[in-house]
Amino acid sequence: MKYCTTQQFELINFHDSVIDKIEHGHKTIKLHLGFANLHEAHKENTSDTAVGIKPCILIFTGVKSTEARVFD
Numbered sequence: 030m031k032y033c034t035t036q037q038f039e040l041i042n043f044h045d046s047v048i049d050k051i052e053h054g055h056k057t058i059k060l061h062l063g064f065a066n067l068h069e070a071h072k073e074n075t076s077d078t079a080v081g082i083k084p085c086i087l088i089f090t091g092v093k094s095t096e097a098r099v100f101d
């Protein structure tokens, strides 16, 4: 895993990323995304420009409850 962070969430861009899979576990939800972009100011980014992370997994921990709706 090249990039792993629990901070600076506002410096990660998920715009237009496709959700490939959703995993629901005990107090966790994992969103498997097609990509994300790590802003150049993010502390995990060692590049001078934004970098694409492909594939990307967004993990929510400590989930207390969930509700889902499907829109077509």
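Just remember that my numbering sits 29 ahead of the position in the sequence shown, which is counted from 1. Even glycine gets a Cβ: it sits at the ideal position worked out from N, Cα and C.
Rounded to whole angstroms, the gap between the alpha carbons of N66 and Q37 is 13 Å.
Between the alpha carbons of L87 and T78 lies a distance of about 21 Å. In this structure, DSSP gives F89 an extended state, which the three-state scheme calls strand. Annotation for G81: F64 and N66 place their beta carbon closer than 7 Å to its own, counting only its chain and skipping 5 residues before and after. Less than 8 Å separates the beta-carbon of L62 from that of S46. Restricting attention to K59, D49, K50 and H44, the CA atom closest to the CA of G91 is found in K59.
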